[in-house]
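Numbering (the numbering used here), first residue to last: 44 to 198. Have a look at the structure below before the remarks.
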């Protein structure tokens, strides 16, 4: 049997430069970070670098619209962030990420190694990795290699 083409691991296609915000930051400061870097969201990490949430445009809009409507401050990131977020390890394979996005992981999957943020995978990162994989010579891809990749998709 020929060598099977390896499915790329998350570490091979994730975005390593991640703009983060702190839970004690003001929402207005976080909005400046998101808009300056054209991000639709950012991981929220504590002083130790542990992921505690994700701040999205939606969370910021809720906080800011409430502040404008009520004539008060928008508050802190901790009050506006989502506490439910999806995390994957850097050694997870491409098809696991595809499955996670198919199961409504949102726009981003955080990549953590031992609880510490090391990157982020977006739908665009995933699409690029799939496209690159589609461009390689597939003569050495076997049903076994595909089965191994897809086996990560079953709970």
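Each residue gets a CB set at the ideal place from its N, CA and C atoms; glycine is no exception.
Excluding residues up to 5 positions away in sequence, 64, 98, 120 lie with their Cβ nearer than 6 angstroms to the Cβ of residue 73 in the same chain.
The DSSP assignment places 137–145 as complete runs of the alpha helix (DSSP H) inside the region 124–173, in order along the chain (cut-off: 4 residues).
Judged by DSSP in its simplified three-state form, residue 100 adopts helix. Between the alpha carbons of residue 110 and residue 89 lies a distance of about 25 angstroms.
DSSP places residue 69 in the strand class (E or B) of the three-state scheme. Distance from the CA atom of residue 118 to the CA atom of residue 130, rounded to whole angstroms, is 26 angstroms.
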